[in-house]
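Chains as they are written, first to last, in the numbering used here: chain A, 106 to 272; chain B, 515 to 876. Note that CB positions come from ideal geometry on N, CA and C, so glycine has one too. Down below is the structure, laid out as structure tokens.
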Amino acid sequence: MIASVFYFLSFVSIFFAVMVVVSKNPVHSVLYLILTFFSIAGHYLLLNAQFLALVHIVVYAGAIMVLFLFVIMLLNLNAATEPVKSSLMKFAGAIAGGSLMLVLIAVLSKINSIQPAHEVNTQIGLIKNLGKILFTEYNLPFEVASILFLVAMIGTVILAKKNPHTS
Amino acid sequence: MILSIYNFTLLTDKIHSFLSAHMSEEFVLTTELVLIGLLIVTFVAVLAMVLIYTERKVAAYMQLREGPNRVGIYGTGQVVADVLKLVLKEGITPNGADKLMFNLAPYIVLSTCIMALAPIAFGNGLVLWDLNIGVLYITSITSLGVIGILIAGWSSNNKYSMLGAMRSGAQIVSYELSAGLCIISIVVLAGSMQMSEIVNSQADGWWIFKGHLPVIVAFIIFIIAATAELNRAPFDLAEAESELTAGFHTEYSGMKFAMFFLAEYINMFVLCAMAATLFLGGWMPFHIGHWTTFNNVMDYIPSPLWFLGKTFFIIFIIMWFRWTFPRLRVDQLLDLEWKYLLPISMINLLMIALMNILGWHF
Chain A
106 MIASVFYFLS
116 FVSIFFAVMV
126 VVSKNPVHSV
136 LYLILTFFSI
146 AGHYLLLNAQ
156 FLALVHIVVY
166 AGAIMVLFLF
176 VIMLLNLNAA
186 TEPVKSSLMK
196 FAGAIAGGSL
206 MLVLIAVLSK
216 INSIQPAHEV
226 NTQIGLIKNL
236 GKILFTEYNL
246 PFEVASILFL
256 VAMIGTVILA
266 KKNPHTS
Chain B
515 MILSIYNFTL
525 LTDKIHSFLS
535 AHMSEEFVLT
545 TELVLIGLLI
555 VTFVAVLAMV
565 LIYTERKVAA
575 YMQLREGPNR
585 VGIYGTGQVV
595 ADVLKLVLKE
605 GITPNGADKL
615 MFNLAPYIVL
625 STCIMALAPI
635 AFGNGLVLWD
645 LNIGVLYITS
655 ITSLGVIGIL
665 IAGWSSNNKY
675 SMLGAMRSGA
685 QIVSYELSAG
695 LCIISIVVLA
705 GSMQMSEIVN
715 SQADGWWIFK
725 GHLPVIVAFI
735 IFIIAATAEL
745 NRAPFDLAEA
755 ESELTAGFHT
765 EYSGMKFAMF
775 FLAEYINMFV
785 LCAMAATLFL
795 GGWMPFHIGH
805 WTTFNNVMDY
815 IPSPLWFLGK
825 TFFIIFIIMW
835 FRWTFPRLRV
845 DQLLDLEWKY
855 LLPISMINLL
865 MIALMNILGW
875 HF
């Protein structure tokens, strides 16, 4: 049961990820990306990490993708404004991408020999355990990350504020 | 304290054991899912009809009119007639529209609303999926509706639709923040994100009574933010008739338009049910201190009635808003959120956290 759900979700996420790259229309790409995020959230659910799954949906599908949609819709991209690339560029791109894929396949072929560093705890994804760990073991990184967010917030406010000398 | 005759866990357990006695495990799961699906579809259809009728009657009485009063008794058949008309209408797809996206958008909007119904506690033990992060689930799922609205506006290939979708997106994304902070403040007090736990934490009094002024402030901010998230007047800039014809659903007709309409009403129900659960105790009956007789009488009212009563009370307030306040301008709308509601709700959250640590609430 779980295995078949896993294979289905993996197929769906890979399929939509390919569609993100293949589709010509940028808005369609963004929508396929949202579907990819959804199937990845499904993977989190399979790992019993409901909180992470929902945070994944709300942050990526809900917030970041809405921002993407905004930008792409406002830019009004279409075939006429797309820059034409020379065949030499396309050739170089294909070779570079192909070699990266070769490296990735070479690395991933050894993945079976990798063992998980910790004992697998299926209850770790629940919000109570996650919160406890975040505020004890990983307190410092957590607080540093929150300071980073605070800096970003203040930065936006300062950028959005009109300069009193120029206006 | 709470009468066991209205505990629905007995009923659901009975159905489950009855099904298990007759079928295999997978079949039981399938049957239960089908049953729940049928229940939800019926509930959604009835709910939308009741809400549309209520809305029209409330609007009419506030404007000293009669409202619908020709079809059926007191005009109750009007909604059925309207739905029939919408079903029979032709759904036109404009020539310049992105066909797939245009036809997909109403389904995205509607399905996100219906998904958000899952963790709502309709009564004692009457909850579809009582997951341990129910509140977060509802907020994250309702926030996805924005994607459907943006797609609808973009794929219509119409300037009005596009502007409406953009306004609606900006509005929902910004008002989500203060709504989320108000929800978190109750999560802090209740100590859980599970809907049933939040309701149980209010057995000795609803949070709006137990939590002093900060919770009342949070309740008011949540109602304002919910109205804005629903794109309802006075925050209905996304479909301001006088400037944008009908906003993001200008090009939609027939059943596809009806789905947006339906989604708006289900969303209204979900957000009001959330407010009722968080602040007004969900299905918990109203109790006053040591008035044992009074409390017992209140216990005899079934829990779903309490829940629906509170929810419809908040829905009535939101409908009341519509005919009380004039529409805001875009800059006023964003000023209200970013300069007033967000700072107030942040400080309010800190106050509630302090209150919870020092144990100042009842």
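| Item | Value |
| --- | --- |
| Hey, is A:Asn130's beta-carbon within less than 9 angstroms of any beta-carbon in chain B? | yes |
| With a threshold of 8 angstroms, are at least 3 pairs of Cβ atoms found where one atom belongs to the segment 726 to 735 of chain B and the other to the segment 552 to 568 of chain B? | no |
| By how many angstroms is the C-alpha of B:Ser669 removed from the C-alpha of B:Ile738? | 30 angstroms |
| Would you call the segment 613 to 632 of chain B and the segment 775 to 794 of chain B touching, i.e. three or more CB-CB distances under 8 angstroms? | yes |
| Which residues in chain B sit within 7 angstroms of A:Gly167, going by Cβ to Cβ distance? | Ser654, Ser657, Leu658 |
| Assuming A:Phe111 is part of the alpha helix (DSSP H), what are its boundary residues? | 107 to 127 |
| I want to verify the contact list: residues of chain B whose CB lies under 9 angstroms from the CB of A:Met170, in sequence order. | Ile661 |
| Are the Cβ atoms of B:Trp834 and B:Met537 separated by less than 9 angstroms? | no |
| So the beta strand (DSSP E) B:Ala635 belongs to, where does it begin and stop? | 635 to 637 |
| Within the chosen definition, does the segment 593 to 602 of chain B reach the segment 855 to 873 of chain B through at least 3 CB pairs nearer than 8 angstroms? | no |
| What span of residues does the alpha helix (DSSP H) with B:Trp721 cover, start to end? | 721 to 724 |
| Using only the alpha-carbon positions, how far apart do B:His801 and B:Phe808 sit? | 8 angstroms |
| Quick check on DSSP: helix, strand or coil for B:Gly586? | coil |
| Pick out whichever of B:Ser692, B:Ser859, B:Asn638, B:Lys571 has its Cα sitting closest to the Cα of B:Asn521. | B:Asn638 |
| In the DSSP assignment, find the alpha helix (DSSP H) that holds B:Leu819 and state where it starts and stops. | 817 to 836 |
| My guess is that B:Phe762 and B:Gly659 are in contact by the Cβ rule of under 8 angstroms, so how many angstroms apart are they, rounded? | About 11 angstroms; that fails the 8 angstroms criterion. |
| Determine contact between the segment 136 to 145 of chain A and the segment 115 to 126 of chain A, defined as no fewer than three beta-carbon pairs at a distance below 8 angstroms. | yes |
| Could you check how far apart the C-beta atoms of B:Leu785 and B:Leu744 are, in whole angstroms? I think they sit under 8 angstroms. | 7 angstroms |
| What are the start and end residues of the alpha helix (DSSP H) that includes B:Pro620? | 613 to 629 |
| Against chain A, which members of the segment 665 to 699 of chain B pass a CB distance test of less than 9 angstroms? | Ile665, Gly667, Trp668, Ser669, Met676, Ala679, Met680, Gly683, Ala684, Ile686, Val687, Glu690 |
| I want to verify the contact list: residues of chain B whose CB lies under 7 angstroms from the CB of A:Leu159, in sequence order. | Ile647, Leu650, Tyr651, Ser654 |
| B:Met782 versus chain A: which residues are under 8 angstroms apart at the beta carbon? | Those within 8 angstroms of B:Met782 in chain A number zero; the least Cβ separation is about 20 angstroms. |
| Going straight from the alpha carbon of B:Asp527 to that of B:Ala787, what length do you get? | 25 angstroms |
| Mind checking who B:Val564 pairs with in its DSSP beta bridge? | In DSSP, B:Val564 forms no bridge with anything. |
| Any Cβ of chain B within less than 9 angstroms of the Cβ of A:Ile139? | yes |
| Using a Cβ-Cβ distance cut-off of 9 angstroms, determine whether B:Asp750 contacts chain A. | no |
| Just checking my contact of B:Pro748 with B:Arg841 at CB under 8 angstroms: how many whole Å lie between their CB atoms? | 5 angstroms |
| In terms of DSSP beta bridges, what is A:Leu193 paired with? | Looking at the DSSP assignment, A:Leu193 forms no beta bridge with any residue, so it has no partner. |
| Taking the C-alpha atoms as reference points, what is the distance between A:Phe73 and B:Pro608? | Summary: the structure shown does not reach residue 73 of chain A, with chain A confined to residues 106 through 272, and so no result is reported for it. |
| Exposed or buried, what is A:Val189 when buried is set at 16 or more other beta-carbons lying within 10 Å of its beta-carbon? | exposed |
| Could you work out which residues of chain A lie near B:Met869, taking near to mean beta carbons separated by less than 8 angstroms? | Those within 8 angstroms of B:Met869 in chain A number zero; the least Cβ separation is about 20 angstroms. |
| Would B:Met537 pass as an interface residue toward chain A - the criterion being a Cβ-Cβ separation below 9 angstroms? | no |
| Which whole-angstrom value is the C-beta distance of B:Ser710 and B:Val641, which I expect to be below 8 angstroms? | 6 angstroms |
| When the Cα atoms are used, what is the spatial distance from A:Leu172 to A:Tyr243? | 30 angstroms |
| Can you tell which of B:Val542, B:Lys770, B:His530, B:Gly662 has its C-alpha closest to the C-alpha of A:Leu174? | B:Gly662 |
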